[in-house]
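Trainee: Numbering (numbering that gives the first Met the number 0), first residue to last: 0 to 414. To start, I am sharing the structure in question, which I have written as structure tokens.
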Amino acid sequence: MTVRFQSLKIITEKEILPAADYVFDGETIKKANRDNATEDQILVDCKGLLGSKGWTDLRCFSGEPGQEYRETLESLANALMQGGMTEAVLLPNSNPPIQSKSEVAYLKNHSHLLFPTFNVQAAVTKNFEGKELTEMLDLNHYGVKLFGEGLVSLAHSDRMMKALQYLQKFNGVLFDQSQDPMLALFGQMHEGIPSTMLGLKGIPDLAEEVAVQKNLEILRYTGGKLHFQTISTRGAVAQIRKAKKEGLAVTADVSIYQLLFTDDDLLDFDTRLKVLPPFRGKAQQAALIEGLKDGTIDALVSNHIPHEPDAKNMEFDLSPFGMAGLPTFVPAVVKLSKELGYPLLIEKLTKGPQAILGNEAKEWNSLTVFDPNEEWLFDEKSNASLADNNPYFNQTLNGKVKYLINQGKIEGLNE
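See the structure below:
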């Protein structure tokens, strides 16, 4: 099957190209010319639509195995597609954790027929206890090259050091959401004026910045590759910027919603906005945006953490952290484009995350096409995720995915 996308504007890391025709021949995507023109092509009108290489999400959660009531692999795949993603990294925090060949085999067997490409992140320590290391070398023989504690910070310095040393044997990458657990103990939101007004225990910037500084020092000592997930403070951005200038193999991502919400938005105790790291102040938000612009931050992530309704329908201090961010990811991109422009955002969704995964530039074989102007109601009927813990629920949004291509498959033609 050959598909011709007519009058499509493609976004690169540098610019938005003039509208042109592009042909998908069942394997790759190429600009239309006489050589790939055939009479039996399916024609798709893309006037007013924007496209790019397929987007990659480096951080999303599946409840399967063990917590399928939160999100199954199939529903996560649907949520990823709704969010414009063709590839994703799965967090290891299922039940049981992704920490041995059996769990990795389960994920591979249950996800290989789904539309997005899934990358498995395996745990560094057994049961995320920060004590006994998992069989990382054995897991690598089974195809795993990404390791991390996912929703838990790898706070044990010796385990961090040994993990970085082991991963160098196969050029693996250590993912970490760095936070000092003692400095963040009992914290419910960002430590600032709003937390004081609400009477909630705050999580200070220091909790993240101390952990980032410590982990960078360990990286300087051991070598290896370290990727910081969902950074949120000025100090973290400054330290990572300095480390990159020194030549350390360090990368970072930020949740797209850190750029859209601040701690002021929590003044009505909306548990859907209780996330980790917490939404910070405007000064921190400005530092994150500057970090995106100057290349300190390499990728944007959804930080998609779905929860069942009862988990969020309780007092703020008892509610768990997390937001189901994938279903509204495209509207979030559209909102941010007004300030940051599409080329920068697309770089952080394509080239940036692919470099972190160690994927070299290859033939153009994935595509995300979206309509930045289409209005749609985000409600129970339209939500692709099993979870609705999202602050935009029951609101009308702008920006919707129209077509996706990945691994020779295409979605959207039958809509």
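All residues carry an ideal CB built from backbone N, CA and C; glycine is no exception.
Around the C-beta of K224, are 16 or more other C-beta atoms found within 10 angstroms, so that it is buried, or is it exposed?
Mentor: Locating residue 224 in the sequence shown gives position 225, where the first residue counts as 1. Flag for K224 reads buried.
Trainee: Let me know if H306 comes out buried or exposed under the rule of 16 or more other beta-carbons within 10 Å of its beta-carbon.
Mentor: On the sequence shown, residue 306 is found 307 positions in, with the first residue counted as 1. Burial call: buried.
Trainee: Restricting to Cα atoms, I'd like to know which of L49, I41, D56 and V22 is closest to L325.
Mentor: In the sequence shown, residue 325 corresponds to position 326, counting from 1. Here the closest residue by C-alpha is D56.
Trainee: Using the C-alpha atoms, what's the distance from A354 back to T11?
Mentor: The residue labelled residue 11 in the question sits at position 12 within the sequence shown. The residue labelled residue 354 in the question sits at position 355 within the sequence shown. Roughly 15 Å between the two C-alpha positions.
Trainee: Determine whether the beta carbon atoms of D263 and F227 lie at a separation below 9 Å.
Mentor: Locating residue 263 in the sequence shown gives position 264, where the first residue counts as 1. Locating residue 227 in the sequence shown gives position 228, where the first residue counts as 1. It is not a contact, given that the beta carbons lie outside the stated cut-off.
Trainee: Is the segment 100-108 touching the segment 334-354 in the sense that three or more CB pairs, one from each, lie closer than 8 Å?
Mentor: As far as the Cβ criterion goes, the segment 334-354 does not touch the segment 100-108, which means the pair count is below three.
Trainee: Look up H111 in the DSSP assignment and say whether it is helix, strand or coil.
Mentor: For the purposes of this step, residue 111 is taken as residue 112 along the sequence shown, with counting starting at 1. Three-state result, H111: coil.
Trainee: Roughly how many angstroms lie between the CA atoms of L299 and P115, to the nearest whole one?
Mentor: As a first step, residue 299 is located in the sequence shown; it is residue number 300 there, counting from the start. As a first step, residue 115 is located in the sequence shown; it is residue number 116 there, counting from the start. Taking the straight line joining both Cα atoms gives about 17 Å.
Trainee: Based on the DSSP secondary-structure assignment, which residues constitute the bridge partners of W375?
Mentor: Indexing the sequence shown from 1 puts residue 375 at position 376. W375 is bridged to L396.
Trainee: Take the Cβ of E190 as the centre, count every other Cβ of all protein chains shown within 10 Å, and call the residue buried at 16 or more, exposed below.
Mentor: Looking up residue 190 in the sequence shown gives position 191. Classification for E190: buried.
Trainee: Per DSSP, what kind of secondary structure is S51 in: helix, strand or coil?
Mentor: Taking the sequence shown and counting its residues from 1, one reaches residue 51 at position 52. Looking at S51 - three-state DSSP - the assignment turns out to be strand.
Trainee: Measuring alpha carbon to alpha carbon, tell me which of G198, E208, L199 and V123 ends up nearest F174.
Mentor: Taking the sequence shown and counting its residues from 1, the one referred to as residue 174 is at position 175. Looking at the Cα atoms, V123 is the closest of the given residues.
Trainee: Only counting the same chain, and skipping five residues up and downstream in sequence, which positions put a Cβ closer than 6 Å to that of A210?
Mentor: Mapped onto the sequence shown, residue 210 falls at position 211. Answer for A210: S177, Q178 and D179, listed in chain order.
Trainee: DSSP three-state call for S194: helix, strand or coil?
Mentor: The residue labelled residue 194 in the question sits at position 195 within the sequence shown. Correct three-state label for S194: helix.
Trainee: Distance, Cα to Cα, L72 vs S110?
Mentor: Mapped onto the sequence shown, residue 72 falls at position 73. Mapped onto the sequence shown, residue 110 falls at position 111. Cα to Cα, the separation comes out at about 7 Å.
Trainee: Roughly how many whole angstroms lie between the Cα atoms of L90 and G62?
Mentor: By one-based count along the sequence shown, residue 90 stands at place 91. By one-based count along the sequence shown, residue 62 stands at place 63. Taking the straight line joining both Cα atoms gives about 10 Å.
Trainee: Look at L205 and G234 and say whether their C-beta atoms are less than 9 Å apart.
Mentor: For the purposes of this step, residue 205 is identified with residue 206 of the sequence shown, where counting begins at 1. For the purposes of this step, residue 234 is identified with residue 235 of the sequence shown, where counting begins at 1. Contact flag set, yes.
Trainee: Inspect the beta-carbon positions of V22 and Y402 and report whether they are closer than 9 Å.
Mentor: In the sequence shown, counting from the first residue as 1, residue 22 sits at position 23. In the sequence shown, counting from the first residue as 1, residue 402 sits at position 403. Contact flag unset, no.
Trainee: Counting C-beta neighbours from all protein chains within 10 Å, is the total for G50 16 or more, i.e. buried, or is it exposed?
Mentor: Along the sequence shown, read from residue 1 onward, the residue named residue 50 stands at position 51. So G50 counts as buried.
Trainee: With a Cβ-Cβ cutoff of 9 Å, do S318 and Q81 count as a contact?
Mentor: Against the sequence shown, residue 318 aligns to sequence position 319. Against the sequence shown, residue 81 aligns to sequence position 82. Going by C-beta atoms, S318 is not nearer than 9 Å to Q81.
Trainee: Around the Cβ of L415, are there at least 16 other Cβ atoms within 10 angstroms (buried) or fewer (exposed)?
Mentor: Beyond the ends of the chain as shown, which are 0 and 414, falls residue 415; an answer cannot be given.
Trainee: Buried or exposed: which applies to A282, given that a residue is buried once 16 or more other Cβ atoms fall within 10 Å of its Cβ?
Mentor: For this step, residue 282 is matched to residue 283 along the sequence shown. Counting Cβ neighbours within 10 Å, A282 comes out exposed, since fewer than 16 surround it.
Trainee: Spatial neighbours of T419 within its chain, please: C-beta separation below 8 Å, excluding the five flanking residues on both sides.
Mentor: Any property of residue 419 remains undetermined from this structure, which presents the chain solely from 0 to 414.
Trainee: My guess is that F392 and F315 are in contact by the Cβ rule of under 8 Å, so how many angstroms apart are they, rounded?
Mentor: Locating residue 392 in the sequence shown gives position 393, counting from the first residue. Locating residue 315 in the sequence shown gives position 316, counting from the first residue. No, F392 and F315 are not in contact; Cβ-Cβ is about 17 Å, not under 8 Å.
Trainee: Just to check my reading of the structure: S48 and V332 have Cβ atoms closer than 8 Å, yes? What is that Cβ distance to the nearest angstrom?
Mentor: Start at 1 with the first residue of the sequence shown, and residue 48 comes out as number 49. Start at 1 with the first residue of the sequence shown, and residue 332 comes out as number 333. The sequence as given places Leu at residue 48; Ser does not occur at that position. No, L48 and V332 are not in contact; Cβ-Cβ is about 14 Å, not under 8 Å.
Trainee: Between the beta-carbon of L145 and the beta-carbon of Q167, is there less than 9 Å?
Mentor: One-based indexing of the sequence shown puts residue 145 at position 146. One-based indexing of the sequence shown puts residue 167 at position 168. Result no, Cβ atoms of L145 and Q167 do not sit closer than 9 Å.
Trainee: Between L138, V151 and V143, which lies nearest to E128 when the distance is taken from Cα to Cα?
Mentor: Position 129 of the sequence shown holds residue 128. Ranking L138, V151 and V143 by Cα distance to E128 puts V151 first.
Trainee: Using the beta-carbon count (16 or more within 10 Å), is H140 buried or exposed?
Mentor: As a position in the sequence shown, residue 140 is number 141, starting the count at 1. Flag for H140 reads exposed.
Trainee: Would you mind giving the Cβ-Cβ distance between L215 and A242, rounded to the nearest angstrom? I have them listed as a contact below 8 Å.
Mentor: As a first step, residue 215 must be located in the sequence shown, where it is residue number 216. As a first step, residue 242 must be located in the sequence shown, where it is residue number 243. Right, their Cβ atoms sit about 5 Å apart.
Trainee: What separation, rounded to the nearest whole angstrom, lies between the Cα atoms of M181 and G280?
Mentor: One-based indexing of the sequence shown puts residue 181 at position 182. One-based indexing of the sequence shown puts residue 280 at position 281. Approximately 22 Å, taken between the alpha carbons.
Trainee: If we cut at 9 Å on Cβ distances, does V119 have a partner in chain C?
Mentor: Looking for chain C here will not work: only one protein chain is present.
Trainee: Considering just the uninterrupted stretch of the beta strand (DSSP E) at F117, what are its terminal residues?
Mentor: What you label residue 117 is simply residue 118 of the sequence shown in a count that begins at 1. Here the beta strand (DSSP E) through F117 covers T116 to A121.
Trainee: Report the option in L376, L275 and Q394 whose CA atom is closest to the CA atom of L188.
Mentor: The residue labelled residue 188 in the question sits at position 189 within the sequence shown. In the sequence on display, residue 188 carries Met and not Leu. Checking every option, the nearest Cα to that of M188 belongs to L275.
Trainee: In chain order, which continuous runs of the alpha helix (DSSP H) of length 4 or greater are located wholly inside the segment 129-185?
Mentor: You should have 135-140 and 156-166.
Trainee: Give me the residue from L136, H303 and K200 with the minimum Cα distance to R69.
Mentor: Taking the sequence shown and counting its residues from 1, the one referred to as residue 69 is at position 70. Of L136, H303 and K200, the residue nearest in Cα terms is H303.
Trainee: With DSSP run on the structure shown, which of helix, strand or coil describes I296?
Mentor: Walking along the sequence shown from the start, residue 296 turns up at place 297. I296: coil per DSSP, three-state reduction.
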